[in-house]
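**Student:**
2 protein chains.
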Amino acid sequence: MTRASSRRPGPPTRTERGIPEATVARLPVYLRALTALSDNGIATASSEDLATAAGVNSAKLRKDLSYLGSYGTRGVGYDVEYLRYQIAREIGVTQDWAVVIVGIGNLGHALANYSGFGTRGFRIVALLDADPDLVGERIGDMEVRDFAQLEEIVETDRVSIGVITTPAGPAQEVCDRLVAAGVTSILNFAPVVLSVPDGVDIRKVDLSIELQILAYHEQRKSGEAALPQVPELPAMNGLTDLPSVGGGVGA
Amino acid sequence: MTRASSRRPGPPTRTERGIPEATVARLPVYLRALTALSDNGIATASSEDLATAAGVNSAKLRKDLSYLGSYGTRGVGYDVEYLRYQIAREIGVTQDWAVVIVGIGNLGHALANYSGFGTRGFRIVALLDADPDLVGERIGDMEVRDFAQLEEIVETDRVSIGVITTPAGPAQEVCDRLVAAGVTSILNFAPVVLSVPDGVDIRKVDLSIELQILAYHEQRKSGEAALPQVPELPAMNGLTDLPSVGGGVGA
DNA sequence: TAGATTGTTAATCGATTAACAATC
DNA sequence: TAGATTGTTAATCGATTAACAATC
Numbered sequence: 001m002t003r004a005s006s007r008r009p010g011p012p013t014r015t016e017r018g019i020p021e022a023t024v025a026r027l028p029v030y031l032r033a034l035t036a037l038s039d040n041g042i043a044t045a046s047s048e049d050l051a052t053a054a055g056v057n058s059a060k061l062r063k064d065l066s067y068l069g070s071y072g073t074r075g076v077g078y079d080v081e082y083l084r085y086q087i088a089r090e091i092g093v094t095q096d097w098a099v100v101i102v103g104i105g106n107l108g109h110a111l112a113n114y115s116g117f118g119t120r121g122f123r124i125v126a127l128l129d130a131d132p133d134l135v136g137e138r139i140g141d142m143e144v145r146d147f148a149q150l151e152e153i154v155e156t157d158r159v160s161i162g163v164i165t166t167p168a169g170p171a172q173e174v175c176d177r178l179v180a181a182g183v184t185s186i187l188n189f190a191p192v193v194l195s196v197p198d199g200v201d202i203r204k205v206d207l208s209i210e211l212q213i214l215a216y217h218e219q220r221k222s223g224e225a226a227l228p229q230v231p232e233l234p235a236m237n238g239l240t241d242l243p244s245v246g247g248g249v250g251a
Numbered sequence: 001m002t003r004a005s006s007r008r009p010g011p012p013t014r015t016e017r018g019i020p021e022a023t024v025a026r027l028p029v030y031l032r033a034l035t036a037l038s039d040n041g042i043a044t045a046s047s048e049d050l051a052t053a054a055g056v057n058s059a060k061l062r063k064d065l066s067y068l069g070s071y072g073t074r075g076v077g078y079d080v081e082y083l084r085y086q087i088a089r090e091i092g093v094t095q096d097w098a099v100v101i102v103g104i105g106n107l108g109h110a111l112a113n114y115s116g117f118g119t120r121g122f123r124i125v126a127l128l129d130a131d132p133d134l135v136g137e138r139i140g141d142m143e144v145r146d147f148a149q150l151e152e153i154v155e156t157d158r159v160s161i162g163v164i165t166t167p168a169g170p171a172q173e174v175c176d177r178l179v180a181a182g183v184t185s186i187l188n189f190a191p192v193v194l195s196v197p198d199g200v201d202i203r204k205v206d207l208s209i210e211l212q213i214l215a216y217h218e219q220r221k222s223g224e225a226a227l228p229q230v231p232e233l234p235a236m237n238g239l240t241d242l243p244s245v246g247g248g249v250g251a
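From first to last, the protein sequence lines are chains Y and G.
UniProt numbering puts the first residue of the first sequence at 1, with every later residue one more than the last.
UniProt numbering puts the first residue of the second sequence at 1, with every later residue one more than the last.
(1) Check whether chain G comes within 8 Å of G47(Y), counting only Cβ atoms and requiring the distance to be less than that.
(2) Return yes when the Cβ of G136(G) is within less than 8 Å of the Cβ of V144(G), no when it is not.
(3) Please state if the CB of I91(G) and the CB of L187(G) are separated by a distance shorter than 8 Å.
(4) Are three or more beta carbon pairs between the stretch 183–198 of chain Y and the stretch 91–100 of chain G nearer than 8 Å?
(5) Please list, in chain order, the chain G residues whose beta carbon lies closer than 7 Å to that of residue 311(Y).
(6) Kindly give me the distance between the Cβ atoms of L68(Y) and I104(Y), rounded to whole angstroms, as I take these residues to be in contact under 8 Å.
(7) Start and end of the alpha helix (DSSP H) containing Y216(G)?
(8) Going by other Cβ atoms of all chains shown within 10 Å of its Cβ, with 16 needed for buried, is S208(G) buried or exposed?
(9) Taking V183(Y) as the reference, give the member of T44(Y), S70(Y), R84(Y), I202(Y) with the closest Cα.
(10) For R138(Y), count neighbouring C-beta atoms within 10 Å of its own C-beta (all shown protein chains included) and say buried if the count is 16 or more, exposed if not.
(11) Going by the DSSP bridge assignment, what does S185(G) pair with across the sheet?
(12) Opposite G77(Y) in the DSSP bridges: which residues?
(13) Unbroken alpha helix (DSSP H) runs of length 4 or more, entirely within the stretch 95–167 of chain G: which are they?
(14) Check each residue of the UniProt DNA-binding region "H-T-H motif" (29–68) of chain Y: if its Cβ is closer than 8 Å to any Cβ of chain G, include it; give the result in chain order.
(15) For T184(Y), go through chain G and note every residue whose CB falls closer than 8 Å to its CB, in chain order.
(16) Counting Cβ pairs closer than 8 Å, one from the stretch 72–91 of chain G and one from the stretch 46–62 of chain G, do we hit at least three?
(17) Threshold first: 4 residues or longer. Then list the alpha helix (DSSP H) segments lying entirely within the UniProt DNA-binding region "H-T-H motif" (29–68) of chain Y, N to C.
(18) Going by Cα to Cα distance, which pick from Y216(G), L214(G), G199(G) is closest to Q219(Y)?
(19) For a cutoff of 8 Å on Cβ pairs, would you count G103(Y) as touching chain G?
(20) For the stretch 137–151 of chain G, enumerate the residues whose C-beta is nearer than 8 Å to any C-beta of chain Y, in chain order.
(21) Measure from the C-beta of R203(Y) to each C-beta in chain G and report whether the shortest distance is under 8 Å.
(22) Answer yes or no: does any C-beta atom of chain Y fall closer than 8 Å to that of G77(G)?
(23) How would you list, in chain order, the residues of chain Y whose beta-carbon sits under 9 Å from the beta-carbon of I161(G)?
(24) Report the neighbours of G92(G) on chain Y: residues whose CB is nearer than 7 Å to its CB, in chain order.
(25) Would you identify the three-state DSSP class for G169(Y), choosing helix, strand or coil?
(26) Tell me the rounded alpha-carbon separation between Q172(Y) and K221(G).
(27) Does any residue of chain Y bring its CB to less than 8 Å from the CB of L128(G)?
(28) Along chain Y, in chain order, which residues have C-beta atoms closer than 7 Å to that of A181(G)?
(29) Between the C-alpha atoms of D64(G) and T23(G), what's the straight-line distance to the nearest angstrom?
(30) Report the CB separation of G140(Y) from A110(Y) in whole angstroms; it is logged as a contact under 8 Å.
(31) Give every residue of the same chain whose Cβ lies closer than 7 Å to the Cβ of Y71(Y), excluding the five residues on either side of it in the sequence, and list them in chain order.
(32) Assign A22(G) to one of three DSSP states: helix, strand, or coil.
(33) Between the beta-carbon of R158(Y) and the beta-carbon of A88(Y), is there less than 8 Å?
(34) Are the CB atoms of V174(Y) and I164(Y) within a distance shorter than 8 Å?
(35) Are G121(G) and D96(G) close, meaning C-beta to C-beta below 8 Å?
(36) Please name the residue, chosen from L128(Y), R123(Y), Y30(Y), V192(Y), that lies closest to L61(Y) on a Cα-to-Cα basis.
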């Protein structure tokens, strides 16, 4: 997450487009909760209702919403449609963002079809792959196009978001091409740390990392008192021959 | 993330199996970086080297590693293999965790094939779906089985991790079944907030939320000074007829 | 010994939460 | 007016970071 902005020193001047990252990450959750309430014909909701629907506590929700403005009514609650629109506008999904997906393997294929992706606010304008065997294949109502056409597509369709679903190997190169072509937001599914220049935002979705975090907690359940673990080892003395993990964790 | 633990009050008694969540979330990243270094034949690395490979700063990396113990050598750095094993053990991927995937649509299908999933430490023991048309289908060397067999499979294979790749609708019910069957960690790809009892850990991967977070920042790039936005609206007065977002954001 | 680098301390920053005055 | 609920304040908690003493 890289942000090139002019921040003068001094007390944090809130209001100057300063919504905390943690709050930004929850706005889409609130948006979804509001949509669900709206679909159920609910016109008004209290912070408590909304918080329950979003899976957070109400204090946090009210604090989060307070960064956007005063959209509620004391003693009453929030108008669902009104708040939904305000949040959608704040996030920026009242307009449509053009997206390209690069790497049409299993995952890219799945994302191309994924309806949740078709969430209002985003439009997949191209599926790209460098493999000639894939180019031309139809997926839904789209056709896989040659990665070589990237620059042209980004310019024509004013693409600002790129999704990388290639293997780890080519991911950095793909990323560089995307950035050079003018893409300024990247969602990375490849299991590598990508580096991007300032001004380009990058987010990462990583399957095996999520599983490993679960494993960590899982380990601490089964064992409980049974595993005091980390048996206060003496400093290693050049010893490198340790029980092997088995060849290579990580993808 | 629910943790049922006995925490006495007083100063934070570190060492009592208390690795901060933020650190836990980075351990898999370090593990992957170490594996990459190891694959490149690098035997020793400084915190600076490692931090670069992991995409963090070296102070944070050293602080994180300090929660695990003293695995480095002052003046020298870290033995790559040794540290890799220690982190793998701490995370719990020196053993194998049995995983079931529920919901074999596009995404479940992709995950079933996803090699990154096959990361050492995890073993997919079943692909489950309730749709009779899918049951029996072969995916790689596995066959889709009936969701009705869940309980049996969880018991037989001692499954502790469940991955939910169903649509939003059935996700909570699937989750309840998983929990009732004895699964205590869940990775949820369905765009809903799942509720689970204490003692069950849940993590969420949400495509459209990631895209929306990117959109938020993207919006603040293009516009910059051009969008003072949030035009200090008067409190709404029951007005519900606002420009529609278009039907429903969120899946 | 001199140089390098860890492990830890302490300062700072950001996020969460409870509580309540403002106000519908 | 009495009851409900927001928006905000202030306290607390956790995470990040710089700096450096310890030590190889």
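Every residue gets a Cβ at the ideal spot worked out from N, C-alpha and C, and that includes glycine.
**Tutor:** So, from the listed chains and residues:
(1) The question names Gly, but residue 47(Y) in the sequence shown is Ser. Closer than 8 Å: no.
(2) yes
(3) With respect to the 8 Å criterion, L187(G) and I91(G) are not classified as neighbours on the basis of their beta carbons.
(4) no
(5) Summary: the structure shown does not reach residue 311(Y), with chain Y confined to residues 1 through 251, and so no result is reported for it.
(6) 38 Å between Cβ atoms; not a contact.
(7) 207–222
(8) buried
(9) I202(Y)
(10) exposed
(11) I161(G), D201(G)
(12) T73(Y)
(13) Fully enclosed alpha helix (DSSP H) runs of 4 or longer: 106–113, 150–157.
(14) V29, L31, R32, A33, T35, A36, S38, D39, A43, A53, A54, G55, L68
(15) Residues of chain G passing the Cβ test: E218, K221.
(16) yes
(17) 47–54, 58–66
(18) Cα-wise, what sits closest to Q219(Y) is G199(G).
(19) no
(20) none
(21) Residue-level contact by beta carbon holds for R203(Y) and chain G, with a gap shorter than 8 Å.
(22) It does not: the Cβ of G77(G) has no partner Cβ on chain Y nearer than 8 Å.
(23) L211, L214, A215, E218
(24) A215, Y216, E218, Q219
(25) Residue state, collapsed to three classes: helix.
(26) 23 Å
(27) no
(28) Under the 7 Å cutoff, chain Y gives no residues; its nearest Cβ is about 15 Å from A181(G).
(29) 6 Å
(30) Not confirmed; about 11 Å, so no contact.
(31) L65, Y78, Y82, L83, Q86
(32) helix
(33) No, the Cβ-Cβ distance between R158(Y) and A88(Y) is not below 8 Å.
(34) yes
(35) One thing to note: G121(G) has its Cβ within 8 Å of the Cβ of D96(G).
(36) Y30(Y)
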